[in-house]
Structures are given as C-alpha cells and as structure tokens.
Amino acid sequence: NVGNAIAHQEEGQNVLFVDTHVGYEKRPFCGINDDNIYTFWDGGDIRRGGLPYPGCEPMDRLDSFLVNDFEASGFPIQKRSDRFMQEVVD
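Numbers given in the working numbering equal positions in the sequence shown, counted from 1, plus 30.
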C-alpha cells in the first residue's frame with residue numbers, strides 16, 4: 031500500500047487517464063500495457079523503472095507515471111519538450 035493516497039486509507043488512489051476518465055486503482059500496474067504508475071522508464075526494465083523526480087519526463091508515449099503539483103510543493107518546474115506534447119495531443 032506504500033504510495034497510495036492517505037485520503038483513501040492507503041488502499042488505492044484516483045488515477046486520471048489521458049482520455050479524461052478517472053478510475054479508483056488499488057494497484058500501481060494500471061498504466062498503458064499495465065505500466066507501473068509509481069515509476070517512469072529509466073532505460074532499463076520498463077516494468078521496474080525508476081522513481082519519478084521533479085522535472086522528469088516520460089521516455090515514450092506509453093510511459094505512464096504519476097504527476098504531482100511540483101509548483102505547489104516548491105520544487106523547480108521544467109517544461110516538457112514540444113515533441114512530447116505534440117505526441118500527447120496526436
């Protein structure tokens with residue numbers, strides 16, 4: 031249950047998907063092709079990946095991971111590349 035929302039007694043959390051629906055998920059393997067949303071692809075085994083950090087970007091269109099409001103937390107913000115944003119829109 032580590033990583034799940036405290037507001038849900040760490041049993042799961044609400045996940046917003048690109049198609050704009052929200053689902054209550056109890057396990058982290060709920061991204062595209064069961065990608066772990068608690069990690070981002072770090073070039074190694076995509077099922078394990080690395081922990082997201084402020085300013086990290088998806089490695090691929092299929093890379094799914096949690097996005098936090100870093101601006102509110104005081105972490106520096108890095109803008110996503112135009113290439114990635116275009117892929118998301120397409």
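Yeah, the Cβ is synthetic: ideal placement off N, Cα and C, and Gly gets one too.
- In the same chain as ILE62, and ignoring 5 residues on each side of it, the C-beta atoms closer than 6 Å to its own belong to LEU92, SER94, in chain order.
- Per DSSP, the unbroken beta strand (DSSP E) holding GLN43 starts and ends at 43 to 46.
- Following the DSSP letters along the chain, one finds TYR54 inside the beta strand (DSSP E) bounded by residues 52 to 55.
- At least 8 Å separates the beta-carbon of GLU55 from that of VAL48.
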